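Counted from 1, the sequence shown has number 38 at position 11 by the working numbering; the numbering is strictly sequential.
Even for Gly, the Cβ is constructed at its ideal location relative to N, Cα and C.
Since this is a predicted model, take the numbers as computed values, not measurements.
Reviewing the structure listed below.
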Amino acid sequence: MKTDKFMKTSVSLFLSDILPQKRKLYHQIVKNNILDKATVDDDLRRLKEAGLDGIEICLPQYSRTTEEDIEQVMALSKKNKLPIFSVHQSLRFFSITKLPEISELMAIASRMSASLVVLHMNTAQKQIFDKHYIDTLHSLENKYGITVTFENMEKYIASLRKKYIWEAETFANVIEDNGLHITLDVVHLAHSGGDILTFYEQHKNLIKNIHLSDYRYNMFNSNLRPLRFKHMPLGEGELPIQTFLKLLKKEHYKGLLTMEIHTDLKGICESIAIINQAK
């Protein structure tokens, strides 16, 4: 399956993957540096040659994204013919993402010519039930011509009473009721007890972006890095990846298929090959 033009294959990269000068200790803990074998140009060219269509940029948590940052990213994107398809909000775990930050995120996405942004439901919290919040999101979508998506998160102790953050049907119902769309993270769904095939079939009309990776339950971290049994290269876990890819092709999925994988450049290229070879 070479994606037949209707499904665009992307990879999630930190801004600091593309601009190494912005890489901090936090990024080393959360995610591998994918582009670390040669120059950024060389690595992006290898991804393009492997069959990648574009990129999702995850904005940095502890520094502002400047106009210079945007210009550098866009120059590399254009040179290597890898457009920025989507922009992911900066990662955070304990604070709420307020509307001014979302407005800034949309402006950055527009400057990068992205068509979609990814927000986390766990940092939206109860704002998702506030009419002014929802109306502002729709206003920003109209202003920039960019789709707002919310990513389903994992089930964890602090979220047990907030099923709209992680429980498949509750999450999907909140999204649909508010006229919004979904970035489906298959690992988050599986880790929270959901079925990725069933969820896609039932809510495909809401899904505009898929964070694709593999998953295997493991209580321990074999190489002393957090969450290494999640967001694994395709084929290394227990998820029905081949069946899922066949389903996407059968249903003529027209959204983004974004690899959010904790690996190196070789691992990303191998996962691209699995996607392209799926029947």
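Using CA atoms only, rank isn't needed, just tell me which of the options is closest to residue i.
i: F226; options: V38, T197, Y244; result: T197
i: R138; options: T150, S298, F112; result: F112
i: S219; options: A136, L146, I192; result: I192
i: D241; options: E263, G282, N232, I234; result: E263
i: A199; options: S90, Y171, N232; result: N232
i: E297; options: L261, A217, Q116; result: L261
i: K293; options: I223, L46, I173, D70; result: D70
i: K35; options: S90, D157, Q116, L143; result: L143
i: S140; options: K105, Q116, F156, N149; result: K105
i: I301; options: F121, E95, L79, R73; result: L79
i: A136; options: Q116, K257, Q154; result: Q116
i: F177; options: Q304, H215, K257, N303; result: H215
i: R73; options: V38, Q229, A102, V100; result: V38
i: Q229; options: L207, A217, A195; result: A195
i: Q304; options: K281, E128, K276; result: K276
i: N149; options: Y183, G172, T163; result: Y183
Out of curiosity, what's the CA-to-CA distance linking residue i and residue j?
i: L40; j: H159; result: 32 Å
i: L187; j: E76; result: 44 Å
i: E168; j: T93; result: 22 Å
i: V114; j: E83; result: 5 Å
i: Q269; j: Q48; result: 37 Å
i: D44; j: I237; result: 21 Å
i: K190; j: T210; result: 17 Å
i: S130; j: I161; result: 13 Å
i: L266; j: R243; result: 8 Å
i: E98; j: L126; result: 25 Å
i: H289; j: V67; result: 18 Å
i: K108; j: L283; result: 17 Å
i: E203; j: H279; result: 21 Å
i: L224; j: H165; result: 29 Å
i: D212; j: E95; result: 31 Å
i: H208; j: L62; result: 30 Å
i: F120; j: F156; result: 20 Å
Name the two residues that bound the continuous beta strand (DSSP E) containing residue i.
i: L283; result: 283-286
i: G81; result: 81-85
i: S90; result: No beta strand (DSSP E) contains S90, which DSSP labels as neither H nor E.
i: E178; result: 174-178
Following a CB-centred definition, is residue i positioned closer than 6 Å to any heavy atom of the ligand NAD?
i: E76; result: With respect to small molecules bound, the structure shown includes none, and the ligand NAD cannot be examined in it.
Following the continuous alpha helix (DSSP H) through residue i, name the residue where it begins and the one where it ends.
i: K277; result: 268-277
i: S186; result: That residue, S186, is in no alpha helix (DSSP H); it is neither H nor E in DSSP.
i: F297; result: Residue identity check: residue 297 is Glu in the sequence provided, not Phe. Segment 292-304, the alpha helix (DSSP H) holding E297.
i: L40; result: It is not in any alpha helix (DSSP H) - L40 instead sits in the beta strand (DSSP E) that spans 35-41.
i: E76; result: 67-77
Under the assumption that residue i contacts residue j (Cβ atoms under 8 Å), give the Cβ distance between them as a whole number of angstroms.
i: M286; j: L239; result: 5 Å
i: I123; j: Q152; result: 5 Å
i: L42; j: L86; result: 6 Å
Ranges of the beta strand (DSSP E) found wholly within the segment 200-261, counting only runs of at least 3: Counting whole runs of 3 or more residues, the segment 200-261 contains the beta strand (DSSP E) stretches 208-212, 234-239.
Quick one: complete alpha helix (DSSP H) runs, 4+ long, within the segment 108-158? You should have 126-138, 148-151.
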